[in-house]
Structure formats: structure tokens, C-alpha cells
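Numbering (the working numbering), first residue to last: 629 to 881.
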């Protein structure tokens, strides 16, 4: 693990060296943003597949409604019928989770890299690199202790919080609009127990990013902010023809 982290640290350092003529002291921060963009490009095919799956599930709603009427008194037959319909149409209700799951290793790599004082037995010099005045290995609590909310470091976090809040608000409005246009059938998803409860809190999940940015090292926070912003733009494009999306894009623009 130590050797792997050393290789990853070297990769981040090499990317930062390439970006140094443009970003100077913030070159490592720019390298993290570029690294995040590369991860998202690799995951993009899964995002496209998830979008196709969600659109397909939305198209199946009328057929599922008919199955509910037909098997109203037999939940077991209803579950099997819905499962068979999904299999026939090659639709997986869990496909939307794959893009997030495949990004977790990259996030934890950055988290571990910028939480460790040493890498491979040597001092971790990446911790001293900064985004403007804020060290990439620091946290919001460190910024608050050094100048407060509107200190040099604190203002970096204020900017990140404002960006995250804007993206979260856009995602909240888009998700609520899509859920209203494509409601989950009464009784919940027959293939995924508990999906009804998850769906109720789903519009609020984007705001959890604010908490994440506040508690993780700044480098990991940059990954989260970049990835979340990418997701908002990506989903706006991939789901632009989903019912309920057009209104959100119009009001957001």
C-alpha cells in the first residue's frame, strides 16, 4: 500500500509540474481538479448507461401500473412480474449506483494521500501545497483557527461552500421535478426493498456535500466539489429529454 501511495503521490506531483507554468502555487490543486476530470471521463460510459436505464424504467411505469392492478392481492406474484419485466427490457434498478461506486477508490486515495504526514517513509511534501492561501492537507477547522471564516484560508472554503450550495440547489430542483414527473408507484419498487424511503430523501442528498467539504482535507474536498459539479452538468445533458427536466433547466438558466 505504501509503494502504491508513493506512486500516486508522484503522479500528482508530475501533473502539478506540468501545470505549474499556468497555475504556479496552486498547480497541485489544479492537478487534483484535472485528475478528477479524468476519473469522471473514465466513469462517463457508466453514467450514460445509468441514464439509459433510468429512462427505460420511466417508460415501464405504465406497464408496472397494469401489473399492480393485475396482482393487487398477491405481492409475491407482483414482485416476480416486475422482476421479469425488468429482465425482459434489460433494465437494472441499481445501474444508477455504479458511477458513484467506481469513484470511491479515487476519492479515498486522495483522502489518504492528504491525510498522511509521510508517504513511503518520507515526509509528505504535498501537504504544504496550497489552493491560494489554504493548505491542501488542511481542513475547514484549521482555516477557522487561522483567521476565521473570512480570513485568507476561510475565504477559500467560503468559495467552495457557495459553489457546492449552488450545485446542490440545482440538483435539488431537478430531482424534485423529475420525481414529480416520474413518481415511484405506490408501494415502492418491487425489485429494491426500501427504495421508497431512499427516494424521499434523495433530493436532499446533494446538500450532504457541504458537510463532506467541511470535514475532509482540502484536496479531497476539491475532488468532491469538482465531481459534484461535473455530475450536475453531465446529468443535465444526459437527462435533458426526461420529463420534468426542461422546466428545471429553464428556471436555472
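Beta carbons are placed, not taken as given, at the ideal position from N, Cα and C, and that holds for glycine.
Express the C-alpha separation of residue j and residue i in angstroms, rounding to a whole number.
i	j	result
residue 866	residue 680	9 Å
residue 820	residue 797	Confidence at residue 820 is low in this model, with a pLDDT of 48, below 50, so the placement of that residue is unreliable and no value is reported for it.
residue 701	residue 632	56 Å
residue 859	residue 778	29 Å
residue 641	residue 766	18 Å
residue 804	residue 708	29 Å
residue 754	residue 742	7 Å
residue 869	residue 671	21 Å
residue 737	residue 706	43 Å
residue 662	residue 764	15 Å
residue 780	residue 770	12 Å
residue 649	residue 657	13 Å
residue 776	residue 652	26 Å
residue 703	residue 684	23 Å
residue 668	residue 694	38 Å
residue 857	residue 639	24 Å
residue 733	residue 768	23 Å
residue 774	residue 802	37 Å
residue 816	residue 745	At residue 816 the pLDDT is 49, less than 50, meaning the model places this residue with poor confidence and gives no usable figure here.
residue 788	residue 673	28 Å
residue 716	residue 839	41 Å
residue 740	residue 762	18 Å
residue 692	residue 750	59 Å
When the Cα of residue i is compared with those of the options, which residue comes out closest?
i	options	result
residue 833	740, 707, 793, 726	793
residue 635	752, 688, 859	752
residue 719	745, 740, 841, 688	688
residue 841	790, 799, 802, 808	790
residue 686	669, 768, 843, 808	808
residue 800	733, 684, 835	835
Going by beta-carbon coordinates alone, are residue i and residue j separated by less than 9 Å?
i	j	result
residue 728	residue 863	no
residue 644	residue 655	yes
residue 646	residue 665	no
residue 861	residue 837	no
residue 855	residue 682	no
Keeping to the same chain, check which residues put their C-beta closer than 6 Å to that of residue i; ignore five residues upstream and five downstream.
i	result
residue 735	851
residue 748	630, 634
residue 795	856, 857, 860
Quick one: is residue i near chain D, going by C-beta distance under 9 Å?
i	result
residue 731	Annotation note: the requested chain D is absent from the structure, which comprises a single protein chain.
Please work out which residues of its chain come closer than 7 Å, Cβ to Cβ, to residue i, disregarding the five sequence neighbours upstream and downstream, and give them in chain order.
i	result
residue 698	none
residue 772	782
Is the segment 778–791 in contact with the segment 757–766, if contact means three or more CB pairs nearer than 8 Å?
yes
Quick check: the segment 840–851 against the segment 693–713, are at least 3 beta-carbon pairs closer than 8 Å?
no
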